[in-house]
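Numbering (our numbering), first residue to last: 3 to 484.
Okay, structure coming up:
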């Protein structure tokens, strides 16, 4: 993804799709529910037009629509992003955004439970959803002449969801089992959850996206009804359409299906700024595992919150200096060089609504231990604060950024992800086009400055997984990716 590259979009997808288990339903085609869009032009020659390929609209009810033309294949991706996620939740109802995401497939007054997925499937499409800290999003990918199907279904469930008690009880059990499998029984994921809750005290990012188990066990269907009524409204959503479409025709379709839905006026959100940290925080988790695991996180601003926006881009480059292939410092120095680490990585989340963490993690080699690995990871940070990075390192990272930007624009899905994520965290989709230039403009001096400014012990949280013996027959869990 052009704006998210290594550290954001791939990390987001690992986290988000890992929390959504909504399988594609394969059902034989039924002619009566298969439909095309009469008169929708799917052969617009954008090369013959001087109009911009991305178009922005706003309906009178507050729904924002962004349409991006991509005529290389007769397909379209439709994504609707609601500005609500785990960051909006409070103790007692954590996980509610994710549970509601599951329930959005369980029927409306017009569409029975399971029908949404069936209709998309018999029209040759695929669909799914994901929940994050700052958003909940739903998407479909179809032939471009079937876009109206997606829009009709999404408009229907924006305000017409039924939330029956029996379906809620079944889906709640699914989510709780999901939590057991992906977090409680995964030592690295369990460590990351406790690490995050230790690093963030009063930030909206304190709670896990999947929710705490006790909150899930006590969640009621009326909680979901109130959450749905409060957040699911056109003025709290961005609809992103990317593919082989004509923007004006899409705008007309969106007005037809969404234009009559009333806006909902809610009180402005209060600021929720993390309390200032004043020293290293540490947390240790003991769990059955084969190997120890280490996580370090420094509090850093993101693109939306940084007073100097170039700081966010410099932190992105800094992450690439440490972890961006075999020639990056962590691989070169700690894995192949000193052989301190069996694995080591770094990452920075550029896109979020609130401050996040600059992350380092790793597993010590058989000849090393957690204490030595932490020392060496922190020594890497110290080196970045003392000596400017080389011209060769900067050139490597910038070349990777350009290559990734070109590659990720090949996917209509990732193009839509770029737009939706930017808009939902409070930024503008037009930043996509400025990303490569902003990264190219970063200097060695700026990398040095952000390392000194943000990567300090007073903002550091350290988490350690101490492995307990595995039970006989207990499977080894895969490494967790932050």
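Glycine included, C-beta positions come from ideal geometry on N, C-alpha and C.
Flag this pair as yes or no: are the beta carbons of residue i and residue j separated by less than 7 Å?
i	j	result
residue 189	residue 467	yes
residue 110	residue 164	yes
residue 417	residue 112	no
residue 86	residue 431	no
residue 236	residue 90	no
residue 263	residue 161	yes
residue 242	residue 422	yes
residue 144	residue 127	yes
residue 285	residue 340	no
residue 173	residue 104	yes
residue 434	residue 448	no
residue 279	residue 461	yes
residue 102	residue 230	yes
residue 148	residue 125	yes
residue 72	residue 261	no
residue 307	residue 425	no
residue 59	residue 253	yes
residue 153	residue 61	no
residue 283	residue 445	no
Report the three-state DSSP secondary structure of residue i (helix, strand or coil).
i	result
residue 141	strand
residue 347	strand
residue 60	strand
residue 443	coil
residue 489	Only positions 3 to 484 of the chain appear in this structure, which leaves residue 489 out of reach.
residue 339	helix
residue 240	strand
residue 334	helix
residue 202	coil
residue 464	strand
residue 415	helix
residue 115	coil
residue 77	strand
residue 90	helix
residue 131	strand
residue 469	strand
residue 299	strand
residue 170	helix
residue 234	coil
residue 489	The first residue shown for the chain is 3 and the last is 484, placing residue 489 beyond what the model contains.
residue 452	helix
Rounded to whole angstroms, how far is the Cβ of residue i from the Cβ of residue j, which I believe are closer than 8 Å?
i	j	result
residue 95	residue 217	6 Å
residue 142	residue 99	So it is not a contact: roughly 20 Å between Cβ atoms.
residue 274	residue 204	7 Å
residue 223	residue 78	Not really, about 34 Å apart at Cβ, beyond 8 Å.
residue 344	residue 367	5 Å
residue 137	residue 238	10 Å between Cβ atoms; not a contact.
residue 398	residue 333	Actually they do not touch by this definition, with Cβ atoms about 12 Å apart.
residue 193	residue 465	5 Å
residue 296	residue 363	6 Å
residue 335	residue 382	7 Å
residue 353	residue 305	6 Å
Have a look at residue i and residue j and give me their C-alpha separation to the nearest angstrom.
i	j	result
residue 133	residue 469	30 Å
residue 202	residue 272	17 Å
residue 220	residue 179	15 Å
residue 123	residue 186	33 Å
residue 55	residue 407	17 Å
residue 75	residue 412	11 Å
residue 396	residue 453	15 Å
residue 456	residue 276	15 Å
residue 349	residue 114	42 Å
residue 176	residue 289	24 Å
residue 346	residue 365	7 Å
residue 270	residue 474	54 Å
residue 291	residue 471	7 Å
residue 150	residue 82	14 Å
residue 371	residue 191	20 Å
residue 389	residue 337	21 Å
residue 326	residue 209	30 Å
residue 200	residue 207	10 Å
residue 39	residue 92	Residue placement at residue 39 cannot be trusted, given a pLDDT of 39 that sits under 50; the coordinates are not used to answer.
residue 211	residue 351	16 Å
residue 386	residue 392	11 Å
Taking 6 Å as the line, does the beta carbon of residue i fall inside it for any heavy atom of the ligand SAH?
i	result
residue 398	As presented, the structure is devoid of all ligands, the ligand SAH included, so that no description of it is given.
Taking CB distances under 7 Å as the criterion, tell me whether residue i reaches chain C.
i	result
residue 104	This model lacks chain C altogether; it includes just one protein chain.
Check your understanding: Does the pairing of the region 303-321 with the region 431-443 give three or more beta-carbon distances under 8 Å?
Key -> yes
Point to revise | Stretch pair the region 319-339 + the region 394-409: three plus CB contacts closer than 8 Å | key: yes
Practice item. Please determine if the region 357-371 and the region 283-301 are in contact, where contact requires at least 3 C-beta pairs separated by less than 8 Å. Key: yes
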